[in-house]
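Numbering (my numbering), first residue to last: 40 to 198. Glycine included, every Cβ here is placed at the ideal spot set by N, Cα and C. Here's the structure, in structure tokens; my notes come after.
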Amino acid sequence: MADVAARLAELGLALPAVATPAGAYVPAVRTGSYVYTAGQLPFVDGALPATGKVGEGDGLVDPAAATEYAATSALNALAAAASVLDSLDDVVRVVKVTGFVASDPAFSGQPGVINGASELLGRVFGDAGIHARSAVGVAVLPLDSPVEVEIVLEVRPLA
């Protein structure tokens, strides 16, 4: 897909600044024809929009909100990928998405939550955004984030 920046603008989206790593790692690594991102949280302007477990009920993060946070995490992953590429136009396809959902023990809707990330990547890249995926429920995520998303992208070889 050509001109990913224009497609993001059409969708009313802009790549955010890359989040500062919270540990001894980098946000993204390019090796050969692939870019692997570190897990990305749904930071907006440097802060998490919500914390806690996803589920139904008082004191829990609503699944619909968590779905939006997964989309934000995917956008943050694209920003991380862009930091090691000349342009997101170099993306050939989204290969794999791994999504983690901090889940209340009674919650089993992790696939629906991670659809937020998958659907965003589909809107940005069209057919090249169709990917393999894992959606995993976990007890807790860094900084008590409700979601975390990492992506693997196939990219054009370096010239």
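Alpha helix (DSSP H) segment containing residue i, residue limits
i, result
"G151", "149-164"
Residues near residue i in its chain [Cβ-Cβ closer than 6 angstroms; skip 5 each side]
i, result
"R69", "V123"
"E148", "Correcting the residue identity first, residue 148 is Gly in this sequence and not Glu. Around G148: P102."
"G78", "E187, E189"
Assigned exposure category for residue i - 16 Cβ within 10 Å defines buried
i, result
"P102", "buried"
"T90", "exposed"
"E187", "buried"
"I199", "In the structure as shown, the chain begins at 40 and stops at 198. Residue 199 is therefore absent and cannot be evaluated."
"V177", "exposed"
"S184", "buried"
"V65", "exposed"
"V100", "buried"
"L159", "buried"
Sequence-distant residues of its chain with Cβ nearer than 7 angstroms to residue i (five each side left out)
i, result
"R195", "D129, V131"
"R162", "L50"
Residues near residue i by beta carbon distance below 8 angstroms, same chain, minus five either side
i, result
"R82", "The sequence given here has Phe at residue 82, not Arg. Only P55, A58, T111, N115 meet the Cβ criterion."
"A61", "P181, L182"
Delimiting residues of the beta strand (DSSP E) encompassing residue i
i, result
"L192", "186-194"
"S122", "Here S122 belongs to no beta strand (DSSP E), and DSSP marks it neither H nor E."
"A141", "130-141"
"S126", "That residue, S126, is in no beta strand (DSSP E); it is neither H nor E in DSSP."
"A174", "171-177"
Inter-residue CB distance, residue i and residue j (contact presumed, cutoff 8 angstroms)
i, j, result
"L192", "V134", "6 angstroms"
"G94", "F146", "4 angstroms"
"A63", "V74", "No, A63 and V74 are not in contact; Cβ-Cβ is about 20 angstroms, not under 8 angstroms."
"G138", "A156", "6 angstroms"
"V140", "A113", "Rounded, the Cβ-Cβ distance is 13 angstroms, inconsistent with contact."
- Message: Threshold first: 3 residues or longer. Then list the beta strand (DSSP E) segments lying entirely within the stretch 42-100, N to C.
- Response: Counting whole runs of 3 or more residues, the stretch 42-100 contains the beta strand (DSSP E) stretches 67-70, 73-76.
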